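Okay, here's the thing in structure tokens:
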């Protein structure tokens, strides 16, 4: 039953039937953001990275200084070499924005990082295209947590990665399986989505053998929040 439902009203509707109350528990959560992941891993972007923003206007844009590329249909992907996984994304057609709007958006997009982050992190955040998923950063973050930072190794016994869709789940799963460490016998990789059989979905709850860690890649929804490892 949903936690927001009035149990007394439901019980009365069904002839004052008995109800069971199962107490839950909360877990401490440390919330961090993209800039924290970039700072933590030291991840950087080159100008020709597929995850870098590209200006769609001038050959030498005086507004943002970004490198232009040939335009496409969607305003968020104009002039970009999209990664392979982006083919699964439905891209609507929209009209071009004029250069004045481009100037306003460029000024608004620059994040205020205060003094908590390095200039390298600021440069990366000003370069990254926020409409693309940086799979390379995800891999770097997993490597840092699982192998490089001893303080986080305890938390790497089971990792849950949320992705926005099935195409992104498959893409990340392929990258992890092909990875020299995550694809070894040290890890179990579980893609989790509705097209899998009940047996395959239930496998994510199994406790791995001693010394083996697992990574579950699922679609973000309230149901997945109930997973316990």
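Residue numbers (the working numbering): 4 to 232.
We put the beta carbon where it would ideally sit given N, CA and C, even for glycine.
Remember, predicted model here, so these are calculated numbers, not experimental data.
If you draw a straight line from the Cα of residue 190 to the Cα of residue 178, it is about 13 Å long.
Counting only the Cα atoms, residue 219 lies some 26 Å from residue 132. The way I'd put it, the segment 196 to 208 doesn't touch the segment 143 to 158; fewer than three beta-carbon pairs between them come closer than 8 Å. For residue 216, the enclosing beta strand (DSSP E) has its first and last residue at 216 to 222. Within a 10 Å sphere around the beta-carbon of residue 221 sit 16 or more other beta-carbons, which makes this residue buried. Counting C-beta pairs with one atom in each stretch, the segment 156 to 168 and the segment 120 to 131 have fewer than three that are closer than 8 Å, which means they do not touch.
The three-state reading of DSSP puts residue 54 in coil, since its state is none of H, G, I, E or B. Proximity to residue 127 across 52, 24, 214 and 12 peaks at 52, based on C-alpha coordinates. Residue 213 counts as exposed, since fewer than 16 other C-beta atoms from the protein chains shown sit within 10 angstroms of its C-beta. If you keep only unbroken beta strand (DSSP E) runs of at least 3 residues inside the segment 142 to 186, you get 161 to 166. In this structure, 135 is the residue among 10, 135, 215 and 35 with its C-alpha nearest to the C-alpha of residue 167. Look at residue 190 here: in three-state DSSP terms it is strand.
Between the beta-carbon of residue 175 and that of residue 138 there is about 6 Å, and that keeps the pair under the 8 Å contact cut.
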